[in-house]
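Working notes, structure below.
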Amino acid sequence: MNQTGVRSEVAALRARMSAKGVTPVERVLPARGLARRQVTAFNDCPPLVVDTISQLTARDKTVGVVAWPGLLLGDVPDLGNIITVPEPGAEALSVTGVLLEGLDVVFHYSPVPVALTPTRARPLLARLRAGRAALVTIGLDVPGTRVRVTGQVRGVAGIGWGVGRVRDLDLDVQVESRRRLVAV
Numbered sequence: 048m049n050q051t052g053v054r055s056e057v058a059a060l061r062a063r064m065s066a067k068g069v070t071p072v073e074r075v076l077p078a079r080g081l082a083r084r085q086v087t088a089f090n091d092c093p094p095l096v097v098d099t100i101s102q103l104t105a106r107d108k109t110v111g112v113v114a115w116p117g118l119l120l121g122d123v124p125d126l127g128n129i130i131t132v133p134e135p136g137a138e139a140l141s142v143t144g145v146l147l148e149g150l151d152v153v154f155h156y157s158p159v160p161v162a163l164t165p166t167r168a169r170p171l172l173a174r175l176r177a178g179r180a181a182l183v184t185i186g187l188d189v190p191g192t193r194v195r196v197t198g199q200v201r202g203v204a205g206i207g208w209g210v211g212r213v214r215d216l217d218l219d220v221q222v223e224s225r226r227r228l229v230a231v
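Residue numbering for the sequence shown is 48 to 231, as defined by the numbering used here.
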């Protein structure tokens with residue numbers, strides 16, 4: 048497929064999200080949610096992550112967030128189902144691995160983009176396969192990642208020049224699987 052065809056396919060598969068309470072990720076992922084025992088990579092888009100966490104906890108899922116001290120979870124209605132480890136120290140991957148064994152979804156944040164070697168990823172992936180969780184990485188490239196989700200804020204509602212407050216965000220979400228681009 049030529050580059051123009053890829054661009055037009057990407058443009059055709061973009062999902063415009065603006066309705067509050069609608070999780071962009073669930074509308075565009077092939078399985079209508081995050082796949083268990085699989086790695087999904089998100090880009091650094093905090094509104095997308097917070098919205099995804101909100102929807103997961105609303106369905107009584109337990110969520111872990113590792114190494115993201117600046118993530119604001121004020122919009123999440125049920126904080127009782129969230130475990131945060133904002134400063135895990137030098138062994139952040141080990142902390143993530145432990146959480147994978149008992150939670151439904153674990154978000155691992157890396158402020159600096161890091162690509163794990165297969166040797167470093169092996170213990171993490173073994174714990175992922177042994178547990179029941181889905182792993183979402185932000186800024187961490189893990190070998191064998193099946194799905195990549197890119198979110199970008201396209202608009203802000205409720206705010207004007209010097210007045211108002213942010214009521215809603217419009218997100219563009221693109222999902223790329225290993226085989227093809229997927230969107231609904």
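Backbone N, C-alpha and C fix where the C-beta goes; we use that ideal spot for every residue, glycine too. All figures in this text were calculated on a predicted structure; none of them were measured in a lab.
Coil, strand or helix - residue i by DSSP
{"i": "Gly80", "result": "coil"}
{"i": "Gln85", "result": "coil"}
{"i": "Thr184", "result": "strand"}
{"i": "Gly198", "result": "strand"}
C-alpha gap between residue i and residue j, whole angstroms
{"i": "Val159", "j": "Ile185", "result": "10 angstroms"}
{"i": "Ala114", "j": "Pro93", "result": "13 angstroms"}
{"i": "Thr104", "j": "Ile206", "result": "28 angstroms"}
{"i": "Asp215", "j": "Thr166", "result": "42 angstroms"}
{"i": "Pro124", "j": "Val200", "result": "21 angstroms"}
{"i": "Ala88", "j": "Gly209", "result": "36 angstroms"}
{"i": "Arg169", "j": "Asp122", "result": "35 angstroms"}
{"i": "Val97", "j": "Asp219", "result": "15 angstroms"}
{"i": "Val86", "j": "Gly127", "result": "24 angstroms"}
{"i": "Arg174", "j": "Gly211", "result": "47 angstroms"}
Bridge partners - residue i, DSSP secondary structure assignment
{"i": "Asp215", "result": "Ala204"}
{"i": "Val210", "result": "Gly207"}
First through last residue of the alpha helix (DSSP H) which encompasses residue i
{"i": "Leu103", "result": "Pro93 to Ala105"}
{"i": "Pro165", "result": "Pro165 to Ala177"}
- prompt: Where are the beta strand (DSSP E) runs, 3 residues long or more, that stay fully inside the region 108 to 163, in chain order?
  reply: 110 to 113, 129 to 132 and 152 to 162
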